[in-house]
Amino acid sequence: MNPILCRLETAPLLEALRVEETDEASALRLSERLARSKSAPLVVIDTNVLLDFWVWDDPVARPLLDDIRAERVVALRSVDTVDELADVLSRSHFDLSVAQQTEILREWHALSFNVVVSETAVARCKDRDDQKFLNLARSAGARYLISKDKLVLKTARRARLDGFDVMTPESWRRLRESTTTDSTAQSTP
86 MNPILCRLET
96 APLLEALRVE
106 ETDEASALRL
116 SERLARSKSA
126 PLVVIDTNVL
136 LDFWVWDDPV
146 ARPLLDDIRA
156 ERVVALRSVD
166 TVDELADVLS
176 RSHFDLSVAQ
186 QTEILREWHA
196 LSFNVVVSET
206 AVARCKDRDD
216 QKFLNLARSA
226 GARYLISKDK
236 LVLKTARRAR
246 LDGFDVMTPE
256 SWRRLRESTT
266 TDSTAQSTP
């Protein structure tokens, strides 16, 4: 574990979650989930959007969280992205108790699937700390990377070379609404 993260009050939880879910167990859990709903797109979600889910309760991001909970999408994470989330949640300006941080980390762990990052994305982010999300999306074969980070969003064109789209939660909401409208129109006689 990253030495900085070892100082977090949630470090024991992070370690326990890692021990509990080996790479093999995670891969099996993901394959079982994909078998249940073959059409659910694989999605990587940046930390700022995860904060919208659980800290800010942003109504624009809520449809994405609803889709994850309803298994309409498959949310992906890596060790590095979870470490970043834990670090950000611990920052004093969020004023979250250890219990609140733990609850968020446990829920994200339950809702998402761990992927071992094995590839480097063609798309390069100017903020090296955000490159982990692009690499995760490429390694996992994700269809979407959802972010509000301007530097991540600027990688959208190059990310298509890696096989995924980069978009905001608002763009996701519009895509979801247009897909729902199209499905309804096609099923209407």
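With my numbering as the guide, the letters of the sequence shown map in order to residues 86 to 274. Each residue gets a CB set at the ideal place from its N, CA and C atoms; glycine is no exception.
Contacting residues, own chain, Cβ-Cβ under 6 Å from R261 (five flanking each side not counted):
Here residue 261 corresponds to residue number 176 of the sequence shown, with the count starting at 1. Excluding residues within five positions, the ones whose Cβ falls inside 6 Å are P148.
Out of L98, D250 and T240, which one is the CA nearest neighbour of D168?
Translated into positions along the sequence shown, residue 168 becomes position 83. The residue with the shortest Cα to Cα distance from D168 is L98.
Compare the beta carbon distance of V173 and L136 with 8 Å and say whether it is the shorter of the two.
Within the sequence shown, numbered from 1, the residue matching residue 173 stands at position 88. Within the sequence shown, numbered from 1, the residue matching residue 136 stands at position 51. The answer is yes: Cβ separation under 8 Å.
Is it the case that the region 113-123 contacts the region 193-206, given that we only count it when at least three CB pairs across the two stretches are under 8 Å?
yes
Just the C-alpha distance for V237 and K217, rounded to the nearest angstrom, thanks.
Within the sequence shown, the letter at position 152 stands for residue 237. Within the sequence shown, the letter at position 132 stands for residue 217. C-alpha separation (whole angstroms): 11 Å.
D131: which of L181, M252 and R258 sits nearest, CA to CA?
In the sequence shown, residue 131 corresponds to position 46, counting from 1. The option with the nearest alpha carbon to D131 is M252.
When the Cα atoms are used, what is the spatial distance from S163 to L221?
As a first step, residue 163 must be located in the sequence shown, where it is residue number 78. As a first step, residue 221 must be located in the sequence shown, where it is residue number 136. If I take the Cα positions, the gap works out to 7 Å.
Under 8 Å, do V128 and L161 count as touching if we go by C-beta distance?
In the sequence shown, the residue the question calls residue 128 occupies position 43. In the sequence shown, the residue the question calls residue 161 occupies position 76. Going by C-beta atoms, V128 is nearer than 8 Å to L161.
Distance between I153 and V159 (C-alpha atoms, nearest Å):
Counting from 1 along the sequence shown, the entry for residue 159 is found at position 74. Counting from 1 along the sequence shown, the entry for residue 153 is found at position 68. Looking at the two C-alpha atoms, the distance is approximately 6 Å.
Would you call V183 buried or exposed, if buried means 16 or more other Cβ atoms sit within 10 Å of its Cβ?
Position 98 of the sequence shown, counted from the first residue, corresponds to residue 183. By the 10 Å Cβ count, V183 comes out exposed.
Tell me whether L230 sits in a helix, a strand or coil according to DSSP, three-state version.
Reading the sequence shown from its first residue, position 145 is the one you call residue 230. It is a strand residue.
When DSSP labels each residue in this structure, what does D250 get in the three-state scheme?
Translated into positions along the sequence shown, residue 250 becomes position 165. D250: strand per DSSP, three-state reduction.
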